[in-house]
Structures are given as structure tokens and as C-alpha cells.
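In our numbering, the protein residues as written are 1248 to 1556. Backbone N, C-alpha and C fix where the C-beta goes; we use that ideal spot for every residue, glycine too. Taking it in order: structure first as C-alpha cells, then the write-up.
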Amino acid sequence: MASDFSVRLQYLTPKRALTVFGGVVASARAGWVTQAIIRRFVRRYDVNMSEAAASRLESFATFNEFFTRALREGVRPLADAAWLCPVDGAISQFGRIEGDQVFQAKGHNYSSLALLGGDPALATQFENGHFATLYLSPRDYHRIHMPCDATLVRMIHVPGDLFSVNPATAQGVPGLFARNERVICQFESAQGPFAMVLVGATIVGSIATVWHGVVTPPRSDEPREWRYEPGEVRLARGAEMGRFMLGSTVVMLFGADAIAFNPQWAPVGSIRVGEAMGGLPGATSVETLDTSSGNTEPDAASGSVAGSD
């Protein structure tokens, strides 16, 4: 099958060289060449520019500026839910973590320990918890937002492969998300600890966070780690926390009693930033805020996603 062949071909492809080249092209200010690339991309992937804060393609000096474009005010309202969806895209998989095993695709599991860079203390927090794997296709909005109010504890960059993260590759490459390059963001919240793992992929030229800026590149052979003092980095629900410079995947990990997923969720279903991802276990409805922090407002500024430029 064509999909099987494309997966096998990735083992032979110089993925890092392609990614470096893609990063150079995406950041180049090449005038009409850049504009031609952007226009072709919009046509090829049927990108909805009507939602963009800047809808004129001529306003983007680089492909990266276009790809990480902000949304218009109000197009992603925040649901009245304990956990918000952090991205636009599709649900790859979600559900319970069986011990430390995370379901990837039929016949493929991987361990939370491997995903989290081999840190047993961190992985233990999510034993028998829950996970959600969210795929961002090339046509999607590529900023990542906070699912709830939270405080950053630590960020870890784990070097790795750069396989594609599309559904066909997820079905064909064992342990895909635990072997690709990734940025692990560990948070504490009123609902308990959670992790957002930003997974790199072929031609994903860069991963950035709002508190650090560009995390990768540079690409190193050893993991890099940053620790933060309590309260040093606090992010509000719906606020931007990071962005991909091309399509990729976010894997979210939750503790054992932290989330009851939205009953309308299903694998391959479409999702949008700010929709209800889930509620608190035992709540009568997904549409229930955690009010233990005293914050019952979706967003003090606008009630919709809050990006930054």
C-alpha cells in the first residue's frame, strides 16, 4: 500500500536535513517567492483565511509569519468547562493510561516514561491517568493555548527523530511520539498536575513557547532542562502557550482523577481551541468550571483565545 511505502521511506529520508532546509525557507524574506509559496499552500490545503487577524496574504513577510498567524478576536470563544481544548486539529487518540502505557494506534503502545524523557518521578504522576493526542494538520491554526489556569514547573527539550506525525505514520512507526524530538511542559493547576508535550516532526522548523521563545533549534544531542520558581510563569486558561512552525502533535497527560473527557469526543473528530475538552470527574456536566481558584470567568479580557505577537 502507498501509506506503508511512505512510512518505510521515512526511515531512509534525511529528515533532519529536510527540516533544516524547511526552516530556512520558512524564515526567508524572499518577496514574490515567499508570496508564491504562501498562495500555493493556501490553495493546496484550503486554508481558511477569513478567521485570521490579518487576512491579506501580502501582509506576511515570511512563511512562518503566515503559518503562525493570529486569529481574529472572538472566533474561538472559551467554553465554560474545567478543561479546554488547546489546539485546532483532530483527535488522534485519547483515553486512560494503562499503568504507564499510552495507546498510539492499533498494535502500538508506548510508555509515559519514554515520552517524558525517562524521568520516573514525573511519569509516576500520570500512572493510570488519562491522555489525549491531538494532531495539527497543515491547514490548521498552529498556536497552542492553555487548557486551564496553570503554573509552569519545568520545561525539557528531548532530542530525537523527526518522523512525520500524520495518522499513517502513527499507525506504522512504533513509539512514534516517544522517539521524535519534543518539548515537555510540566504544569501545576487547581485540577492537579498535567503535561503538554509538543512533538516535533519532519520539516517542523521550530517549536516555541511564550515564556522562552524558540526552544528548537538549536538541536542538541543531549536533553536540555529549565526549571521555574513557583509563580514565575503563570498562564491563564485560553492564553497562548506556544506554537509550531509547521504541523505537528500535542500529547497531553493528566493525573488519575483529573479529567472526564467530553462525551462527544471520538478519534479522528475535529476539534477547535477553546471547546470543552472535559470536566471534572463526578461533575454533572462537562460544562463545569473548577471554581476552587476563585476564577469563574473564561478570560478577563475577552472570553476568547488570547494569542501574542
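Host beta strand (DSSP E) of residue i (start-end)
i              : result
glutamate 1472 : 1471–1474
glycine 1526   : 1523–1526
Range of the contiguous alpha helix (DSSP H) that encloses residue i
i                  : result
phenylalanine 1313 : 1310–1314
alanine 1361       : 1359–1362
arginine 1303      : Note, arginine 1303: premise wrong, no alpha helix (DSSP H); not H, not E.
alanine 1425       : 1423–1426
Option nearest residue i by Cα separation, candidates the options
i               : options                            : result
serine 1274     : Phe1307, Met1296, Arg1287          : Phe1307
aspartate 1387  : Val1272, Ser1297, Asn1356          : Ser1297
isoleucine 1284 : Leu1369, Asn1311, Met1443          : Asn1311
methionine 1402 : Leu1445, Val1412, Asn1375          : Leu1445
glycine 1278    : Arg1291, Gly1270, Leu1304          : Leu1304
arginine 1286   : Ala1300, Thr1309, Phe1268, Val1271 : Thr1309
Local conformation of residue i per DSSP, three classes
i                  : result
tryptophan 1458    : coil
tryptophan 1512    : coil
phenylalanine 1378 : strand
proline 1367       : helix
isoleucine 1284    : helix
glutamate 1345     : strand
proline 1324       : strand
proline 1545       : Unreliable placement is indicated for proline 1545, whose pLDDT of 33 sits below 50; the coordinate value is still reported in the next sentence. Coil at proline 1545, not helix or strand.
tryptophan 1270    : In the sequence under discussion, the amino acid at residue 1270 is glycine, which differs from the tryptophan named in the question. Residue state, collapsed to three classes: helix.
glutamine 1557     : Any question about residue 1557 goes unanswered here, given that the chain covers just 1248 to 1556.
methionine 1492    : coil
arginine 1484      : coil
methionine 1296    : helix
Paired residues, beta bridge with residue i - DSSP
i              : result
cysteine 1432  : Met1402, Met1443
serine 1517    : Ala1337
valine 1498    : Thr1380, Val1444
histidine 1392 : Glu1487
Query raised in the report: With contact counted as at least three CB pairs below 8 Å, one residue from each stretch, are the region 1345–1352 and the region 1510–1526 in contact?
Result: no
Report task. Give a yes or no on contact between the region 1389–1402 and the region 1479–1499, applying the rule of three or more CB pairs nearer than 8 Å. Result -> yes
Requested in this report: Evaluate the contact criterion for the region 1400–1408 versus the region 1420–1436: three or more CB pairs, one atom per stretch, below 8 Å.
Outcome: yes
Query raised in the report: Should the region 1459–1474 be called in touch with the region 1504–1522, which here means at least 3 C-beta pairs below 8 Å?
Result: Flag = no, the region 1459–1474 and the region 1504–1522 do not touch.
Query raised in the report: Does the region 1461–1475 come close enough to the region 1370–1390 to have 3 or more Cβ pairs within less than 8 Å?
Result: no
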